[in-house]
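Okay, so the sequence shown: first residue is 3 according to our numbering, each after it adds one. Every residue, glycine too, gets a C-beta built ideally from N, C-alpha and C. Everything on this sheet refers to the single structure shown next.
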Amino acid sequence: MEVTLLGTGDTTGTPTVQCDCDTCERARDPDEELRARVRERGIDPTGGVERSRFSVAVSNDDTGEFLLIDLSPDFRHQFLRESVPLPDAAIITHVHFDHLDGLGNAYRLFDELPVHAADETDPVTGESVAQGVRSRYDYLDTVSVHAQTPFEPFTVAGFEVTLVPVTHPPLLCYGLRIEEPQTGAVLSISGDTCYDVPDRSKSVLTGADLALVEGIVHPEACEYHPKGGTHHDKDGVPRTFGTKHMTLLGARDFAKDIAADDYRIVHTGHYVPADRAFADDIGLDGERFTL
């Protein structure tokens, strides 16, 4: 299993359009220290470093198939930049635009693209994620939508995949366990979530070779959120920013909770101060892992 981080940013990405904050400026023009660290992670910093909107490509060396997790609005840019093959199938974790709206790129690129998503009806939208994908992209007749039941493993691109509910109010959202049956290699993805993930879901996500864990901002940013921070650690530091997303502390603690061999924090915003935004455990676009 090879995992390519196509997009590791939040809804605006880093650098954010027309933003001159220190983090965005450092991303556009990395100093020599950051360039060296980025090269060590297998990324060419020419043109700066980037966190585009979230998406992950997973290749199956045994079957030669590619699976795409979420379809970023930056789809075209990501696939041109990373030169990975187009996916044989895709999975959508939830219907927020930064995880779904790249599906429009299926127009004229695919003869067929199976898209898998959860079948639970969301009380807010009145439809499941699978139904939401279909209703938004009913004009794409090359796309087939396959509804899957959370906690029930299914096979796609040669992987055994399990969707698990996480906590991202007000909408339903799902994390993923992806296992390669021949080698037993496991990738876990938290999905967009606060720190309060149901125990049953955490159990499924536990023990991965690599975990991609959502962490949007540093804990101190919670003072600027209308709902503050929640799920504090023993020192009173918030692990959830508002109600929807983990802080960097929450992401690191969650990676420990699920006993991942390795992890990267993803879906990270440009609000993280420049001296912390490029820590080695926070993902950058273009990172690759072989499991």
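Rounded separation between residue i and residue j - CA only
| i | j | result |
| --- | --- | --- |
| GLY252 | PHE161 | 29 Å |
| PRO75 | THR14 | 10 Å |
| ARG290 | VAL58 | 10 Å |
| ARG30 | GLY271 | 15 Å |
| ALA262 | ALA149 | 28 Å |
| THR195 | GLY177 | 9 Å |
| THR157 | ALA91 | 11 Å |
| ILE93 | ALA159 | 11 Å |
| HIS234 | VAL199 | 14 Å |
| LEU173 | HIS247 | 13 Å |
| GLY66 | GLU225 | 47 Å |
| LYS236 | ARG83 | 42 Å |
Among the options, nearest to residue i - alpha-carbon criterion
| i | options | result |
| --- | --- | --- |
| ALA132 | GLU182, ASP72 and ALA59 | ASP72 |
| VAL239 | HIS269, TYR197 and TYR273 | TYR197 |
| GLY217 | ARG37, PRO75, ARG136 and TYR265 | TYR265 |
| SER192 | ARG202, ASP237 and PHE291 | ARG202 |
| ARG2 | VAL97, PRO152 and THR157 | Here the chain comprises residues numbered 3 to 293, so residue 2 is not present and cannot be evaluated. |
| ASP121 | ASP113, ASP12 and VAL166 | VAL166 |
| ASP100 | TYR226, CYS175 and PHE56 | PHE56 |
| ASP64 | ALA213, GLN184 and ASP211 | GLN184 |
| THR232 | THR169, ASP143, TYR139 and LEU212 | THR169 |
| LEU111 | GLU84, VAL145, THR95 and GLY134 | VAL145 |
| PHE305 | LEU212, HIS118 and GLY49 | The question about residue 305 has no answer, for the chain in this structure spans 3 to 293. |
| ALA38 | ASP282, THR292 and CYS23 | ASP282 |
| LEU293 | TYR109, GLY186, ARG83 and HIS118 | GLY186 |
| THR95 | LEU88, HIS118 and LYS236 | HIS118 |
| VAL105 | ARG83, ASP143 and PRO125 | The question names Val, but residue 105 in the sequence shown is Leu. Closest option to LEU105, Cα to Cα, is ASP143. |
| PRO116 | GLU84, LEU70 and GLY134 | LEU70 |
| ASN62 | GLU84, MET3 and GLU114 | MET3 |
Contacting residues, own chain, Cβ-Cβ under 6 Å from residue i (five flanking each side not counted)
| i | result |
| --- | --- |
| GLU34 | none |
| GLU181 | GLU162 and VAL188 |
| LEU164 | Note on residue identity: the sequence assigns Thr, not Leu, to residue 164. Excluding positions up to five away in sequence, the list reads PRO155, ARG179 and VAL206. |
| PRO221 | VAL239, PRO240, THR249 and LEU251 |
| GLY209 | ALA261 |
| ASP103 | PRO75 |
| LEU36 | PHE280 |
| ASP12 | ILE218, HIS269 and GLY271 |
| ILE284 | ILE267 and THR270 |
| ALA276 | ASP24, THR25 and ARG28 |
Cβ shell of residue i (< 8 Å), same chain only, five flanking positions each side left out
| i | result |
| --- | --- |
| LEU286 | LEU7, THR10, VAL40, ARG43, ILE45, VAL51, GLU52, ARG53 and PHE280 |
| ASN107 | LEU73, PHE77 and ARG78 |
| CYS26 | THR16, PRO17, THR18 and HIS272 |
| LYS229 | GLY244 and THR245 |
| HIS227 | PHE243 and GLY244 |
| LEU88 | PHE68, PHE81, LEU111 and PHE112 |
Distance between beta carbons of residue j and residue i, contact taken as under 8 Å
| i | j | result |
| --- | --- | --- |
| VAL60 | VAL5 | 5 Å |
| VAL215 | VAL274 | In fact, because the Cβ distance is near 15 Å, the residues do not count as touching under 8 Å. |
Residue i burial status per 10 Å Cβ neighbour count (16 or more: buried)
| i | result |
| --- | --- |
| VAL268 | buried |
| SER190 | buried |
| LYS258 | exposed |
| ARG254 | buried |
| TYR141 | exposed |
| GLN80 | buried |
| TYR139 | buried |
| ARG28 | buried |
| PRO171 | exposed |
| LEU223 | One point to set straight first is that residue 223 is Ala, not Leu, in the sequence displayed. Its Cβ being crowded by 16 or more others within 10 Å, ALA223 is buried. |
| GLY288 | buried |
| VAL147 | buried |
Residues of its chain near residue i, where Cβ-Cβ distance is below 7 Å and the 5 sequence neighbours each way are ignored
| i | result |
| --- | --- |
| LYS204 | ASP259 and ILE260 |
| LEU123 | The amino acid occupying residue 123 in the given sequence is Thr; Leu does not appear at that position. Closer than 7 Å at the Cβ level, and outside the excluded window around THR123, lie GLU129 and SER130. |
| PRO152 | ALA120, GLU122, LEU165, VAL166, PRO167 and TYR176 |
| PRO32 | VAL40, PRO47, GLY50 and VAL51 |
| CYS23 | HIS272 |
| VAL126 | PRO172 and LEU173 |
| TYR109 | LEU142 |
| GLY134 | VAL97 and THR127 |
| ARG278 | HIS220 |
| VAL21 | In the sequence on display, residue 21 carries Cys and not Val. The residues are HIS272. |
Neighbour flag for residue i against chain B, beta carbons, 9 Å
| i | result |
| --- | --- |
| GLU67 | Of the protein chains in this structure there is only one, and it is not chain B. |
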